[in-house]
Each structure stands twice: as C-alpha cells, then as structure tokens.
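Peer 1: Following this message is one structure expressed as structure tokens.
Number of protein chains: 4
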Amino acid sequence: MSKQTKIQDAVAAIILKEGPAGVSTTKVARQVGIAQSNVYLYFQNKQALIDSVYQRETQRIISTTALTALADSRISLPERIRMYVQQVYDYSLAHPGSLTLLQQIKSLKGQGMALTVGADDPNNVVGQLLTAGVTAGVLKPLPINLFMSLVFAVIHTHTTNVKNGVTAPEAVTFDALYSLIWDAIRLA
Amino acid sequence: MSKQTKIQDAVAAIILKEGPAGVSTTKVARQVGIAQSNVYLYFQNKQALIDSVYQRETQRIISTTALTALADSRISLPERIRMYVQQVYDYSLAHPGSLTLLQQIKSLKGQGMALTVGADDPNNVVGQLLTAGVTAGVLKPLPINLFMSLVFAVIHTHTTNVKNGVTAPEAVTFDALYSLIWDAIRLA
Amino acid sequence: MSKQTKIQDAVAAIILKEGPAGVSTTKVARQVGIAQSNVYLYFQNKQALIDSVYQRETQRIISTTALTALADSRISLPERIRMYVQQVYDYSLAHPGSLTLLQQIKSLKGQGMALTVGADDPNNVVGQLLTAGVTAGVLKPLPINLFMSLVFAVIHTHTTNVKNGVTAPEAVTFDALYSLIWDAIRLA
Amino acid sequence: MSKQTKIQDAVAAIILKEGPAGVSTTKVARQVGIAQSNVYLYFQNKQALIDSVYQRETQRIISTTALTALADSRISLPERIRMYVQQVYDYSLAHPGSLTLLQQIKSLKGQGMALTVGADDPNNVVGQLLTAGVTAGVLKPLPINLFMSLVFAVIHTHTTNVKNGVTAPEAVTFDALYSLIWDAIRLA
DNA sequence: TATGAATGAGTGTTCATTCAT
DNA sequence: AATGAATGAACACTCATTCAT
C-alpha cells in the first residue's frame, strides 16, 4: 500500500473518529508512522490532502456505480432510478462511514447544504436521470436536489444504524428502504 | 440584549459564515466588541459556549413547537404528524440557517449521524408520536430515526434552496413538500 | 522602558550582530525574556515589527535633524548642505550602527539600491535642498541620489571605522570628511 | 555550461530578485531543473554555495581588471586611479546587478560595512594604489576604505539608476561621474 | 463586571541536510 | 552523477485559557 494511500486512510479515520476539525498533520503523520514534514512530500498542503480524500471517496462511489446503465435509455426510468438507489445503498453498506466521511468534509467548509451523492460524477448522469424522471411525469415536480438529499439521508441514516448496531442488518431490507424512497419521489 | 446572548449570536454567525472550525474566542470577542478574556466570564470554556449555542437553538425550536398538541390523543395521528412537520417547516423558513447551524455543530464533534429534529425535546414527544404512528399501522414499520432524518433532510434542503435563491419561495408549497414526506413514511 | 521598545531593541541588536536574516520571533522573544507568542501582542506580524524598527530609526534621525533650518531660505545653500551633512554625521557617530541597521533592513527586501538618508522625511526636505543646489548651479548637474548615496557611504564607512577601532576618533575630523563630500558634489 | 555554473547562476538570479533571504536549495534546484539533493553534489552546503557565488563575482571583476597596469609604476598615479575607476565602471555597466549581488551577499552575514570593490584581489593592488596616492600627496590623507566605499556607492547607484530607467545611459557620462569621484578624493 | 497582559501548546509549512539506491 | 524519500529542527502565527488589576 502506497504511502499516499496510508496518509489518506489516516485522514479518513481521524475524520470519522474526531470530526474534520481533528485533522492535523501531526496527528496524521503519527498515525502513519512518519515524520510530520513527510506529509508535504505527498500533498502540497493540508487542504489538498483533505480534498484528495474527498475526491478519492467520490471516485470510489462513481467507479463502483454502473453509470452507463443509468444513462441507458433502453431501460425504463423507474428501473434506472431504482438501480441508482440500489448502487448507493450497496456501496454505503459495503463501505460504512463513506457517506459520513463525505458529509463531514463538506461541512468543514461551511457548506451546510445536504450532500447529494452522485452529483460529482463527470457528466452528472444522476442529475440527468432524475430530471428526466421529472420531465417524464414519473417523479414529483420538485427540485431534484430534494430527491438527492432524501436518498442520501435515508441511506446514510440506515447505514449508520446498522454500523452502530441500532438496526440488525436483516431487520430492514433494501426493498423496505426503497419503498420509503420511491413512495416519496414518485408521482402518485 | 444580554452579553451572553450577544456572544452566542456571534458564534452562530461565525459558524454559518465560516463553518464550525472558524470559531475562536478572539473572533467572537472582536465581533461582540469585548475583550477576549471576557468570553470566559460568561462561559466556562469554548466547548461550553458552543454547546450552549446548540442548546439554545434546539430550545427555540421546541418552544416554538406546540408539543402539547403533538401529544394530544384527541387529534388523529396523521394530523399530528402533519403538525409536527409543518412546525419544523415554519420554523426553518422563519429562521434560515437554524438547521444548518445545528448540523454544523453536530458535525464538529464527529457525530456524522444525520440530525433528527425534535429528538432533543425533554419528553421525546416526537419520538413517541412517530412510534405510535408505526404501532398503529399508520407509518411504515421502519426505525423512526429514518423518518426524522428524512424530514430534516427535505426541509433543510428546501430551506437552503430558498435562502440561496435556487428555489423561489412560492415555487414549492408546503403541501408539495409534505406530500413528499407523507408519501414516504405512511403505510400505503 | 516599554516592552514594545525592548522588542524593537532586540531586533536591532540581532540585525547588527547576525544580519537581517537572523531575526526570528523566537530569538527576539528569548532576548527580551518573554514568550514567543507575546511578540504578537505588540506587533501584528514579523514584517510589521521589522518595519517599525526601520521607522523608529529614521524617525530618530529626522527628529534629531533641524529640518526647518534646512528649508530656511535665509541661510545660504552651501551652508544648509553642510548643516545637513553635519547632522547626519553627528547622529551617526552618536548612534553607531544606526546607519548599518537601516541599510540592512533595506537590503532584506532585496532593494539593492544604496540607502539615501533623509529621503524618508515627510516633506523630502533634503531632496529639495539638493535639487535647489543643482538648480542654483551650486552642485554638479547630476542625479541627487548620487549625492545622497555618496554622503551615506562616506559617513557610514567612517562611523564603522571608528566603531571598529580602525580609525581613531580624532584622526579624521568632520572638516576633513566634509571636504571629501563637498569637493565631490560642488560645481567646481 | 557546467552544472556548478548553472547552480551559481540560479543563486545569483534569486538573490537579485528576492534578496538573499530568498535563497533555498529547493528553489535553486527547481530553477536549474535538478533534484534538490543534487545541490550537495556540487557544494558542501548552502553557505559554501553562496560563498562561491561571491567568490566568482569578485573573481570576475578582478579578472576583467588590468591589475598589472594598475601596478605599473610607469603610468602616473592619477591615470592609474582613473583606470581603476573606469574599469569598475565598465564592469558594473556591462554586468548590471553584479555590485548589488556582492552587497547583498555581504549584508546577509551581517557585515554592514560598505563594500569595497577591489579589496578582494590577491595582492590588494587597488589598496596599494590608493595608499600610494595618499603617500604621494595626490589623494587626501584619509583612510583608503573611505575612497573605496565612495567609488562603490557612486558607481553602484549610477548603475542601478540606469538599470531602473531612472537615468538615461547618455545622460550621465563617465567623465561627469568621474569628476564627482576625482574631485572628492584628490588633494586640492 | 471588565480588561489587557501573559503564556504554552498547538498549527501548517519550509528548509538544510542525509542516505540508500 | 543523480535521484527521491526521509527527517528533525526551525519558522511565523493562532489559540484557549489564566490571572492580576
């Protein structure tokens, strides 16, 4: 594992344990087992380091996601929307803390806006998908970032519940969770 | 206006402008127009100060909320749930930034858990209301913090949209927003 | 003696001993006997501190100098020019290191230009005096900063000679030194 | 061009642009296009590097100067002195920044003493020349470093004037400049 | 109640120097 | 000859907190 990666991992761990304000180059270096100044061998400054952690995390989600399928017009809109939610769900469960991490880093900059997963992909496939859903009369005529933050909130809370042992993994199926989301956003 | 209040206001303003990491006694004191050390006359330390801002904010929401009505069994469950959401909605629009503020402070401590408005009231009236809804078969059989975070996310995002001029105030009515929420949580 | 002054004195001493690159807040604070962070109670940053030392030094020269007499048209130009040189000379001998200090600080910023004593006084009395001398045909028709740097160089070198014991104080009188300067600049 | 030379050139350029405090092995290496650590292949440490730049610069002046002529007793003293000044003048105009460079490096070490061009040549030809001038009653009976610093100051200021566009090159001839110097130092 | 002076621990960042390859 | 990785010491600067007045 490269040292870049180790450093990024340390940052992620610290953010999840102590919040984004707890990140210091000293702490990061100590956790990795290198000299503090070494952090600057791999990242130009602290902000670049934190940004890179954010980028890495979004990139992971995007690369796990079948973006092409989401844009495939041969699949029906409801099916594609379900695919999108399912992918976020799967990723979130497989990588607990990932969504929390993204939210924390965003909040560090004072951006209180709820995070919208998928909004960072290069062609904004998710945005186009949801917009298409609204246009086609499949989804409620509301700003799509409402949908995105809803999806994020529900999945994030569920994942955290599972991670914290509040909810047993089998207690809430994806179908149950998706009915919550789908009932919310679909045009009745 | 007492100096305690002025200090808390300064903290809230700073958090909203620069994020929670931007709060320092120096900056707060400068904004209030007092000596830096005076902050410690009113608050034991910085953490107590920030906590007090959080307490004050939740207290405001609760005191604005007709908690007794929410617990009034003479009113139907769906009606009470709608009241709850409406109250959060009204408060959020009347005090833009309030929800953001709460989220920011929570994230400062590394508590990535989505915020659940109403969970802090003394008798957990909201929790009891939603639990009753689940038990009565009115709401989907899911953990109620899923509902809470959904409500928070939707209202918060909408409020932020309005504040940022992304959404015109009349463009999205409360009814439209509530249909999103109610469709989500109600048992079909 | 105020702490501001003590700090400035420490800076001056360090510059004279180790050159301007040797100035660090740590060293300054240690020399004054205060905590390093205290330097920032009295000066906004290191640059402001060093600038203040420079200002103080020029101010001292100016306040020692009878500027009004230099601008007094009832006195002949040669006499006034001699007064100007004498004043710089007197000051320089009374405050050995002062000119060195000014030169060092200027060179810190990469301004290789020879220092021109008196150029910092509010109304540029010296500049006007020398310009008048040129116009009146008393001085050679050359850029006046040549004259200024000549005066500075000669006096500075002489003072340093005295300070270092290279030249005995009586060995070179002011008259001898001034003949060097006056012969140089006067129109034959 | 050898890499030693390239490194020295980089150092000189940095000193002239940012002052002596701006020199760092990182910056030097970047400018040359080599790895930072390579600097230590050619120079034992930073001080040795800077010293070498100083040495090289003085060596250049000396080698440009017809030292033998300056010591040639068949030429009259005034003529030889004029030759000396002319040579410094020519060199300084041909290599603008050279004198500045020397002054900067000297000041780096806290040696506030005005620089005396020619004092570094192996046999101190210039010193002997000026001393001879004093002994012979050609020059004023003053310490010869006064003369040297005067020559340096005048030429340096003039060169800088020209480089900065303050003085047009033709506006001040060498003769005009030399009259300033010669009038100063010659015994009336 | 209010202040200003003080401090020590901390921050991010740069640097000269070393060394294995 | 050349590199890149590594490091410890230094730097300017900020901060939360204390205390005498």
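Those protein sequences? They're chains H, V, U and G, same order as listed.
Per full-length UniProt numbering, the first sequence starts with residue 1, numbered consecutively.
Per full-length UniProt numbering, the second sequence starts with residue 1, numbered consecutively.
Per full-length UniProt numbering, the third sequence starts with residue 1, numbered consecutively.
Per full-length UniProt numbering, the fourth sequence starts with residue 1, numbered consecutively.
Just so it is clear, CB atoms sit at the ideal spot from N, CA and C, and this is done for glycine as well.
It should be emphasised that the depicted structure is a prediction, and the values quoted were computed from it without experimental measurement.
Is it true that the region 174-188 of chain U meets the region 157-168 of chain G, where meeting means three or more beta-carbon pairs spaced less than 8 Å apart?
Peer 2: no
Peer 1: Quick one: residues in its chain with C-beta nearer than 8 Å to the C-beta of Val11/H, no 5 flanking neighbours on either side, listed in chain order?
Peer 2: These residues qualify, in order along the chain: Val23, Val28, Leu49, Ile50, Val53.
Peer 1: Could you name the residues that DSSP lists as bridge partners for Ala139/V?
Peer 2: Looking at the sequence itself, residue 139/V is Leu, so the reference to Ala does not match. BP columns for Leu139/V point to Arg186/V.
Peer 1: Report the rounded CA-to-CA distance for Gln8/U versus Lys109/G, giving the unit in angstroms.
Peer 2: Distance between Gln8/U and Lys109/G, taken at the CA atoms: about 20 Å.
Peer 1: Expressed to the nearest angstrom, what Euclidean distance is found between the alpha-carbon atoms of Thr64/V and Gln87/H?
Peer 2: Those two C-alpha atoms are separated by around 40 Å.
Peer 1: What does His95/U touch in chain G if you count any residue whose Cβ is under 9 Å from its own?
Peer 2: Result: empty, since nearest Cβ-Cβ is about 13 Å, beyond 9 Å.
Peer 1: Considering only residues of the same chain and omitting the five flanking positions on each side of Gln36/G, which have a CB-CB separation below 6 Å?
Peer 2: Thr25, Thr26, Ala29
Peer 1: With 16 other CB atoms within 10 Å as the buried threshold, where does Lys106/V fall?
Peer 2: Buried is the call here.
Peer 1: Please report whether the beta-carbon of Leu146/V lies at a distance below 7 Å from any beta-carbon of chain H.
Peer 2: yes
Peer 1: Give a yes or no on whether the C-beta atoms belonging to Ala21/G and Ala188/U are separated by under 7 Å.
Peer 2: no
Peer 1: Quick check: what's the CA-CA separation for Gly112/H versus Thr157/V?
Peer 2: Bear in mind that the predicted position of Gly112/H carries a pLDDT of just 47, short of 50, making it unreliable; the figure below should be weighed with that in mind. Between Gly112/H and Thr157/V, the C-alpha separation is close to 9 Å.
Peer 1: Alpha carbon to alpha carbon, how far is Ile61/V from Asn124/H?
Peer 2: 36 Å
Peer 1: Helix, strand or coil, according to DSSP, for Thr5/U in the structure here?
Peer 2: helix
Peer 1: Would a check of beta-carbon distances place Asn38/U closer than 7 Å to chain G?
Peer 2: no
Peer 1: Considering Cα atoms alone, identify which of Thr159/G, Asp72/G, Gln104/G, Leu16/G is closest to Gln128/G.
Peer 2: Asp72/G
Peer 1: Rounded to whole angstroms, what's the CA-CA distance from Arg186/H to Gly97/V? Just pull it up for me.
Peer 2: 29 Å
Peer 1: Helix, strand or coil: how does DSSP classify Lys109/V here?
Peer 2: coil
Peer 1: Counting only C-beta atoms, is Thr25/V closer than 7 Å to chain H at any point?
Peer 2: no
Peer 1: Examine chain H for any beta-carbon lying closer than 7 Å to the beta-carbon of Lys163/V, and answer yes or no.
Peer 2: no
Peer 1: At what residues does the alpha helix (DSSP H) containing Thr25/H begin and finish?
Peer 2: It spans 25-32 - the alpha helix (DSSP H) in which Thr25/H sits, taken as one unbroken run.
Peer 1: Per DSSP, what kind of secondary structure is Asp72/G in: helix, strand or coil?
Peer 2: coil
Peer 1: Let me check understanding here. Comparing Cα to Cα, which of Gly137/V, Tyr91/V, Leu139/V lies closest to Thr159/V?
Peer 2: Tyr91/V
Peer 1: Quick one: what does DSSP say Gln55/H is sitting in, helix, strand or coil?
Peer 2: Three-state result, Gln55/H: helix.
Peer 1: Whose C-beta lies closer than 7 Å to the C-beta of Val154/H among residues of the same chain, with five residues either side of it excluded?
Peer 2: Leu177, Leu180, Ile181
Peer 1: If you measure between the beta carbons of Val151/U and Val85/U, is that distance less than 7 Å?
Peer 2: yes
Peer 1: Between the Cα of Ser76/H and the Cα atoms of Ala184/H, Val138/H, Leu146/H, Leu142/H, which residue gives the shortest distance?
Peer 2: Val138/H
Peer 1: For the alpha helix (DSSP H) containing Gln44/H, name the first residue and the last one.
Peer 2: Unbroken run through Gln44/H: none, as it is neither H nor E.
Peer 1: Mark Lys140/G as exposed unless 16 or more other C-beta atoms lie within 10 angstroms of its C-beta, in which case mark it buried.
Peer 2: buried
Peer 1: Can you give the Cα-Cα distance for Ala66/U and Arg80/U, rounded to whole angstroms?
Peer 2: 10 Å
Peer 1: Kindly list, in the order they appear in chain U, the residues whose Cβ is closer than 9 Å to that of Pro143/G.
Peer 2: Thr157, His158, Asn161, Val166, Thr167, Ala171, Val172
Peer 1: Whole-angstrom Cβ separation of Met83/H and Leu70/H, contact assumed at under 8 Å?
Peer 2: 6 Å
Peer 1: Might you give, ordered along the chain, the residues of its own chain that have their beta carbon closer than 8 Å to the beta carbon of His95/U, omitting 5 neighbours on each side?
Peer 2: Arg60
Peer 1: According to DSSP, is Val126/U part of a helix, a strand, or is it coil?
Peer 2: helix
Peer 1: So the alpha helix (DSSP H) Gln87/G belongs to, where does it begin and stop?
Peer 2: 77-94
Peer 1: Cα separation between Ala132/G and Asn145/G?
Peer 2: 13 Å
Peer 1: Count the other CB atoms, across all protein chains shown, that sit within 10 Å of the CB of Asn161/U; report buried if there are 16 or more and exposed otherwise.
Peer 2: buried
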